[in-house]
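Peer 1: Taking my numbering, the leading residue of the sequence shown gets 1, the next gets one more, and so forth.
One structure, as structure tokens, below. Some questions next.
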Amino acid sequence: MSRTILITGASAGLGAEMARQFADLGYDLALCARRTERLEGLRSEVLERHPGRRVEVRALDVNDHDRVFEVFHDFADTLGHLDRVVVNAGLGKGAPLGTGNFAANKQTAETNFLGALAQTEAAMEVFRAQRSGHLVMMSSMSAMRGMPKTMTTYAATKAGVAHLAEGLRNELYGKPYKVSVIYPGYIASEMNEHVAAEQKLMVPTEKGVRAIVAAIEKEKASACVPPLPWAPMSVVMKHAPLPLFKKLI
Ligand SMILES: NC(=O)c1ccc[n+]([C@@H]2O[C@H](COP(=O)([O-])OP(=O)(O)OC[C@H]3O[C@@H](n4cnc5c(N)ncnc54)[C@H](OP(=O)(O)O)[C@@H]3O)[C@@H](O)[C@H]2O)c1
Numbered sequence: 001m002s003r004t005i006l007i008t009g010a011s012a013g014l015g016a017e018m019a020r021q022f023a024d025l026g027y028d029l030a031l032c033a034r035r036t037e038r039l040e041g042l043r044s045e046v047l048e049r050h051p052g053r054r055v056e057v058r059a060l061d062v063n064d065h066d067r068v069f070e071v072f073h074d075f076a077d078t079l080g081h082l083d084r085v086v087v088n089a090g091l092g093k094g095a096p097l098g099t100g101n102f103a104a105n106k107q108t109a110e111t112n113f114l115g116a117l118a119q120t121e122a123a124m125e126v127f128r129a130q131r132s133g134h135l136v137m138m139s140s141m142s143a144m145r146g147m148p149k150t151m152t153t154y155a156a157t158k159a160g161v162a163h164l165a166e167g168l169r170n171e172l173y174g175k176p177y178k179v180s181v182i183y184p185g186y187i188a189s190e191m192n193e194h195v196a197a198e199q200k201l202m203v204p205t206e207k208g209v210r211a212i213v214a215a216i217e218k219e220k221a222s223a224c225v226p227p228l229p230w231a232p233m234s235v236v237m238k239h240a241p242l243p244l245f246k247k248l249i
């Protein structure tokens, strides 16, 4: 039986590129997002490259929590089994706290944390029924330390989802489940195209996702990607005194 992977937020950026690269590795795909025309296009692209591969697509807004459970169970039933679920859908809106833009911060908190919680619950229901599965959580390097201004809420959601996954890993230790947390640095995508030109550490989508896919395939407990400069940087980010840290970001 082919290995199967469910990826949320597969209509763009890292999710779409993960779909391509996991298809190249032989996986059948379960892909969801709100923009289904993009998912259909990706499905055609993958099938042209790999005729016979199974690619299921569904419309999903991760803020519609009932639908998250419905779609995840539907994918599991249709494909027969989910080997891996990547909780990837997310957005990067935000405003400094107390500056009159609660709406943007609330939307980020709902999508990136509550949406991810719903996805994790739904994935774990499927995995517990199967008695196996690999949960992959897309966090961010910004989760390493409280971040200022437009990043404050986003970083808090990414620390929150990393903690959800860490808690699950603690609970499931020694059992037939795997949990990985991925901490991407700057990887080109729709989310950051407005800062791509000025961000020197930005890597192209394909290269960044190759590092993500390699870490996921190794079932790493946690991975900063690409490893350089982000693995050593994670130590600095966590431990640098605040005046020094403020100069770095
Ligand atoms: N790129 C980076 O440098 C970077 C760094 C750290 C962490 N990350 C994380 O990596 C993940 C992917 O980000 P990206 O850079 O690939 O961003 P992106 O290019 O903006 O793609 C975001 C994806 O999430 C989906 N999405 C957003 N809101 C959704 C909702 N309410 N329901 C369902 N799907 C939703 C979008 O699909 P639709 O709009 O079609 O629904 C899209 O497919 C995110 O969790 C992000 O926080 C990225």
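Glycine included, each C-beta is placed from N, C-alpha and C at the ideal position.
Whose C-alpha, out of A122, D83, G94, is nearest the C-alpha of P148?
Peer 2: Comparing Cα positions, the closest option is G94.
Peer 1: Could you please give the first and the last residue of the uninterrupted beta strand (DSSP E) stretch that includes T4?
Peer 2: Looking at the DSSP string, the run of the beta strand (DSSP E) that includes T4 is 4 to 8.
Peer 1: Closer than 6 Å by C-beta to G9: which residues in its own chain qualify, once you throw out the five before and the five after it? Chain order, please.
Peer 2: If we look at G9 and ignore the five residues flanking it on each side, its Cβ neighbours are G15, A33, N88, A89.
Peer 1: Any idea if V235 is buried or exposed, counting beta-carbon neighbours within 10 angstroms, 16 or more meaning buried?
Peer 2: Flag for V235 reads exposed.
Peer 1: Compute the Euclidean distance between the alpha carbons of V46 and A12, then round it to the nearest angstrom.
Peer 2: Straight-line Cα distance between these residues: approximately 14 Å.
Peer 1: Can you tell me whether Y154 is buried or exposed, with buried defined as 16 or more other CB within 10 angstroms of its CB?
Peer 2: By the 10 Å Cβ count, Y154 comes out buried.
Peer 1: Return the Cβ separation of V276 and V68 in integer angstroms, given the expectation that the two are a contact with Cβ distance under 8 Å.
Peer 2: Since the first and last residues shown for the chain are 1 and 249, residue 276 lies out of range.
Peer 1: Less than 8 Å separating the beta-carbons of T78 and V57?
Peer 2: It is not a contact, given that the beta carbons lie outside the stated cut-off.
Peer 1: Hey, how far is the Cα of P227 from the Cα of G208?
Peer 2: Their backbone Cα atoms lie some 10 Å apart in a straight line.
Peer 1: How would you call G100, buried or exposed, if buried means at least 16 neighbouring beta carbons within 10 angstroms?
Peer 2: The residue is exposed, with fewer than 16 neighbouring Cβ atoms inside 10 Å.
Peer 1: Over what stretch of residues does the alpha helix (DSSP H) that includes L168 continue unbroken?
Peer 2: Here the alpha helix (DSSP H) through L168 covers 152 to 172.
Peer 1: In the DSSP assignment, the beta strand (DSSP E) including G133 goes from what residue to what residue?
Peer 2: Counting along the chain, the beta strand (DSSP E) containing G133 begins and ends at 133 to 138.
Peer 1: Let me confirm a value: I5 is counted as buried when at least 16 other C-beta atoms fall within 10 Å, else exposed. Which label applies?
Peer 2: Flag for I5 reads buried.
Peer 1: Please give the ranges of any beta strand (DSSP E) in the stretch 48 to 75, keeping only runs that are unbroken, at least 3 residues long and fully inside the region.
Peer 2: Entirely contained in the stretch 48 to 75, the beta strand (DSSP E) runs reaching 3 residues are, in chain order, 55 to 59.
Peer 1: Terminal residues of the continuous beta strand (DSSP E) containing G222?
Peer 2: Gly is not the amino acid found at residue 222; the sequence shown has Ser there. That run of the beta strand (DSSP E) goes 222 to 225.
Peer 1: Would you kindly check if the distance between the Cβ of S140 and the Cβ of P96 is under 8 Å?
Peer 2: For P96 and S140, no; Cβs fall outside 8 Å.
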